[in-house]
Structures are given as structure tokens and as C-alpha cells.
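Number of protein chains: 2
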Amino acid sequence: MFTSEKEYLKHYNIHDYDVPLVSVDIAIFTLLDGKLHILLVERGDFPQKGRWSLPGGFINQQQDKDLHATALRKLTEKTGVKTPHLEQVATIGNTKRDPRGWSVTVLYMGLIPYAPTADFIETVADARWWPYEVAIKQNLAFDHIELVTQARERLRVKSGYTVLPVYVLNAPFTLTQLQQAFEELLGTEIEKKSFRRRIQAADLLEEVGEGLPEGGRGRIAALYRPRKGSEQHAFIRAFGGSEED
Amino acid sequence: MFTSEKEYLKHYNIHDYDVPLVSVDIAIFTLLDGKLHILLVERGDFPQKGRWSLPGGFINQQQDKDLHATALRKLTEKTGVKTPHLEQVATIGNTKRDPRGWSVTVLYMGLIPYAPTADFIETVADARWWPYEVAIKQNLAFDHIELVTQARERLRVKSGYTVLPVYVLNAPFTLTQLQQAFEELLGTEIEKKSFRRRIQAADLLEEVGEGLPEGGRGRIAALYRPRKGSEQHAFIRAFGGSEED
DNA sequence: TTAATTAAGTGGCAATACGCCAATAATATG
DNA sequence: CATATTATTGGCGTATTGCCACTTAATTAA
């Protein structure tokens, strides 16, 4: 049909292809009052106007150089929040998830120390942090309940063999605060000595003096922050009874 | 603008959206003569005609009910091969990967016991198993060298904490054959006793008599196959010194 | 038939890591 | 100063790991 690459590209037109709608959705988690929270937005337009959903949207082919950039842009536009950790979880595409037909979404999961949402936000009616357990009882837009659940599961599993939970804390923090973050994100208790042994063996934190956390009592504690240049998603030995997928 | 969901959907037209091209690519691995091989196809049409690439292609909105179905269909159409294990690895989308502009691909990784490719294959000039080390020295189409590398890395990491390598063997197999598969997929040697202890502790295989593998010498070995209903991607304790990401 | 070779499978042990819990240290509060 | 609270460390029985040599069972060569 075509005789050269150049010739082909001259005649290429995306409308000759049967392309589905592609979007990016972001599940951002934080810790607030010791409880896991997730950031949701209230949809300001159709479809699904008025329902709560994950922040997200479409690729802007002019502005975004890649998918990661799309995710960061959408998050900021819709919530005013910036995240220090963002990772891709999965891509879901099928005929049923959107009333408009075949649609594909790339799901991201992010972690952030608690920060309030912006007052002025684009195209959404509201943006709010919800306690996770409350959020999943809402009647979320599209298939977002499944996306939220998948992101939560990734967070839980990965908290078992990395130090990802450091991203929901503001540095510096104490080991006890870190342990509480792990416990909330893992959904299980950890034995104190085992926790400290493992965190210290991983050697991903550095001590930065000591102090008492806000209104604390009892013995003064050592304060830590993530060691510069260390990969907080690097494998460390698993906590507790490891199982599942 | 619109007054109801129904009204909105009546006026919805995908061409009002700025959508990129979306494809699916599949990296299928097998073991042949004890060496890791990957299945590549030679492109029969522009763009990148004549170059080797991962099998893959576009979603067919009529035929495919979801992305997984697209991946399975493309694999069979282009290579004649069917895989017992297929998992999503990542989604890559940016402006640079395709000369046609912004493009998104969903990358899958599959494992299969060695099977020859079909004689009659659609839209590709050829489909062949390549030794992995040879494949990555080819000048592959688009950014497929990166896709191949990402899939290989997923395979390597996941072989460390699951029994995925069983999928490159035909059952029944001996523990020594399985160990050799692990070693090739992990890229590292494993101590025999430790290997057996862990595999047996995982309890994912069942013994099905004993025999000698094809042309074997030495003591007769017990033969195993995956236990029915067991999840071969379930976590088991990691092999060897665990590190990295 | 016997000895040598090859490969499977097991035994055993020192070193390490883990779970558990109690002791000690350092601070705030009454 | 006594008590409560929280951080940090010590210690120990048990489980797991890495390592290597030994035994078993088959084939092959002499």
C-alpha cells in the first residue's frame, strides 16, 4: 500500500483508527488523625455529575510529555495537592466501565503527608479528604470503587516489603510514629522490636536529633528522616506473616 | 451545558476529545534448550516495516470485552501461540515512542512452555522465538527494547517470590528441572536444599509418580505438576539474598 | 558382573533472624 | 518526690537459612 515510512506517515490519520477514550485516575492517600484518608473530588459536569470520584482526566497532547505528567497535572488542577510519591498501579479497559463505551484508564497511587486541598479548583464541585472506610461506602462514579480498592491493595501489599509509609509523614518523625503509619497502612499490628530491627537493617533513614512529638509525654525520642537518595520503594524484608498476593 | 446524563450522552462524540493511539504489546517468554527465549514478530507493514517487535496491536471495540482479551487475541493472531499465564506489566505513554505522535501502550508479560509458532499468521512477515540475549541486541521497532527490558525485569523480580517459572515447563517435571528454570529466569544460582525446602513449604505442587527426564542418567526423580487450583503467582518466601526493586 | 559415573534426595549443624516480653531510661505531671 | 507515660534495649527460646557432605538409585563403561 505505502512505499515508504514517510509516505505512510503523510497519510496517517488517527480517525482511521478505532480508538477508545483514555484517561488517568489518581488515588492519593494520606494519614490524618492516625487514620488512612483518600482524596476524592465531586464531579462538576456530566457524565456522573454530582458523584464523588477519583481525581483524574484526559491526556493533553500539547501539555503532557508522558502519562506521569498527565497524572501530576490532573491532581494539581483538581485538588491543588502535590505528591512526593506517585506510582502506576494498573490499567483498566473494558466496555462496561463507562456509559460512553469502550474506555481505558491508567490508575495511579500516590502518598503524601496531610495537606489541605485548594480553594479554587477546576471543573470539580469540591475536593475533600475522606476517611478511607467512609469513602468506600459512597456511591462512587463509574467503576471507581474498584479502582480505589485496587490502589488500596497495592498500598497494603507494598507497605509490607518497602518503607513507602514514610511518604505519609512529615519529616522528622519518630520510629513510633512511623510504626503507627505502617500499622494503619498494613492493617495489622507489628511487634515493636521486630519493626525497629527491620527498619534499622534497611538503613534508609537517618537520625536528625531528638525531640518529643507535638504534645508528647514520656521519654524523648530519636527523630528520623528519609536518607537522601535512598529509594523508599526498595525491597526490605517482609513484616509479620507474609502471604497473599 | 447539559441538563441530564441522558442529554449529555446523546451529544457525546469521541472525536471531540483529543485521544491518543492506544495499543497492547505482549512479551512472551519461554525456556528452550535451557535458555530464556522471547517471541518476536517481523513487522509486515508500515510504520517500521521489516523491523522486529513485540506482538501486539490495537483494541477491537467490537470483539474485545477488555484489555486482557485484546492481548490474548493479538497474540494468537500474530503468532499462533496461546499462553497459560499473562499479566499486565505497565502502561507507557508519551510523545516520543511513536512517530505518529502521542501514543499509549499497555504492556503484558506472558509465560509458556515451548511451542512452535504458527505457519500462517496475520499482518506480520514472520514470528520467531529468539534467545533473549540475541533479541535485545536487535534494532527493535519503536521503543520495544525498553518494553522488553521492563517485562524481563518483572519476570526476574517475580520469579524471586512466586513460583511463576512453572509456567515455562511442561508438566510433569522434576525439581531439578524446575530449579534450572528458576535459575535461568532469576539469573542466579540457587542452593539445592534451600530451593527444595522452599518449594515444598509453598505446597503448590503435587507429586505425580516418578521417572527420568528424557535421556536422563542417574537416580530416578519424583515428578511434579502444579497443584490444581493453586495460585502460581502467590507469594512465597524470597530466594537467596533479597534486595533491589 | 563389577566398578565408575551421574544425578536425586537427605542429614546435620553453625549462624542468623524472629517473636515475645521484660527491664531500664528519660521525660512530663500531680 | 512519686507516678504515669513513652522510648529504647536486652535476652532468650525457636524457626529458618546457607552450606556441604553423605546416601541412594539409576546408567554406562570395563
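First to last, the sequence lines map onto chains A and B.
Position one of the first sequence corresponds to residue 1 (our numbering), numbered consecutively onward.
Position one of the second sequence corresponds to residue 1001 (our numbering), numbered consecutively onward.
Ideal Cβ positions, reconstructed from N, Cα and C, are used throughout, including at glycine.
Status (buried if at least 16 other CB within 10 Å, exposed otherwise) for residue 1 of chain A
Classification of residue 1 of chain A: exposed, given that the 10 Å Cβ count is below 16.
Under the rule that 16 or more other beta-carbon atoms within 10 Å means buried, what is residue 1159 of chain B, buried or exposed?
With 16 or more Cβ atoms within 10 Å of its Cβ, residue 1159 of chain B is classed as buried.
Chain B beta carbons: is any one of them nearer than 7 Å to that of residue 187 of chain A?
So, not an interface residue.
Neighbourhood of residue 84 of chain A by C-beta, 7 Å cutoff - its chain only, sequence neighbours within 5 removed:
Around residue 84 of chain A: 112 and 167.
From the DSSP output, in three-state form, read off residue 1085 of chain B for me.
Residue state, collapsed to three classes: strand.
Comparing the C-beta of residue 1245 of chain B with each C-beta of chain A, is any distance below 7 Å?
In this prediction, residue 1245 of chain B scores a pLDDT of 34, lower than 50, which makes its location untrustworthy; no coordinate-derived value is stated.
Rounded to a whole number of angstroms, what is the C-alpha to C-alpha distance between residue 123 of chain A and residue 55 of chain A?
Rounded to the nearest angstrom, the two C-alpha atoms are 11 Å apart.
For chain B, is any of its Cβ atoms less than 7 Å away from the one on residue 38 of chain A?
No, residue 38 of chain A lies away from the interface with chain B (no Cβ there is under 7 Å from its Cβ).
Is the stretch 1141 to 1155 of chain B in contact with the stretch 1071 to 1082 of chain B, if contact means three or more CB pairs nearer than 8 Å?
The answer is no - the stretch 1071 to 1082 of chain B does not touch the stretch 1141 to 1155 of chain B, with fewer than three Cβ pairs under 8 Å.
Collapsed DSSP secondary structure at residue 108 of chain A in the structure displayed:
DSSP places residue 108 of chain A in the strand class (E or B) of the three-state scheme.
Whole angstroms is fine: what's the gap from residue 1227 of chain B's alpha carbon to residue 1114 of chain B's?
One C-alpha to the other measures close to 21 Å.
Applying the criterion that 16 or more other CB atoms from any shown protein chain within 10 Å of the CB defines a buried residue, is residue 1018 of chain B buried or exposed?
Label assigned to residue 1018 of chain B: exposed.
Applying a beta-carbon distance threshold of less than 7 Å, which residues of chain B neighbour residue 90 of chain A?
Residues of chain B with a Cβ closer than 7 Å to the Cβ of residue 90 of chain A are, in chain order, 1088.
Between the alpha carbons of residue 1243 of chain B and residue 238 of chain A, how many angstroms are there, rounded?
Since pLDDT at residue 1243 of chain B reaches only 39, below the 50 mark, its modelled position is unreliable, and no value is offered.
Answer yes or no: does any C-beta atom of chain A fall closer than 7 Å to that of residue 1012 of chain B?
At least one chain A Cβ lies under 7 Å of residue 1012 of chain B.
When DSSP labels each residue in this structure, what does residue 35 of chain A get in the three-state scheme?
For residue 35 of chain A, the secondary structure class from DSSP, reduced to helix, strand or coil, is strand.
Assuming the contact rule is C-beta atoms closer than 8 Å, residue 1199 of chain B and residue 1175 of chain B should be a hit. Round their C-beta distance to whole Å, please.
The Cβ separation is near 7 Å, so the contact holds.
Give the interface partners of residue 1061 of chain B over in chain A, defined as CB-CB distance under 8 Å, in chain order.
Simply 18, 20, 95, 101 and 102.
Exposed unless 16 or more other CB atoms sit within 10 angstroms - verdict on residue 1177 of chain B:
Buried is the call here.
Segment contact, 8 Å Cβ cut-off, at least three pairs: the stretch 1018 to 1029 of chain B with the stretch 1089 to 1109 of chain B:
Short answer: they touch.
With a CB to CB cut of under 8 Å and the five nearest residues on each side skipped, what residues in its chain are close to residue 208 of chain A?
Excluding positions up to five away in sequence, the list reads 171, 172, 223, 224 and 225.
Of the choices A/47, A/105, A/236 and A/24, whose alpha-carbon is the least far from that of residue 141 of chain A?
Per the Cα distances, A/47.
Helix, strand or coil, according to DSSP, for residue 1199 of chain B in the structure here?
Look at residue 1199 of chain B here: in three-state DSSP terms it is helix.
Against chain A: residues of the stretch 1037 to 1056 of chain B by CB proximity under 9 Å:
Cβ contacts with chain A come from 1045, 1046, 1047, 1048 and 1049.
Out of curiosity, what's the CA-to-CA distance linking residue 155 of chain A and residue 1205 of chain B?
Each residue's alpha carbon lies about 30 Å from the other.
What are the start and end residues of the alpha helix (DSSP H) that includes residue 1153 of chain B?
Run containing residue 1153 of chain B: 1144 to 1159, per the alpha helix (DSSP H) assignment.
With a Cβ-Cβ cutoff of 7 Å, do residue 1036 of chain B and residue 1184 of chain B count as a contact?
Taking the C-beta atoms as reference points, residue 1184 of chain B is found nearer than 7 Å to residue 1036 of chain B.
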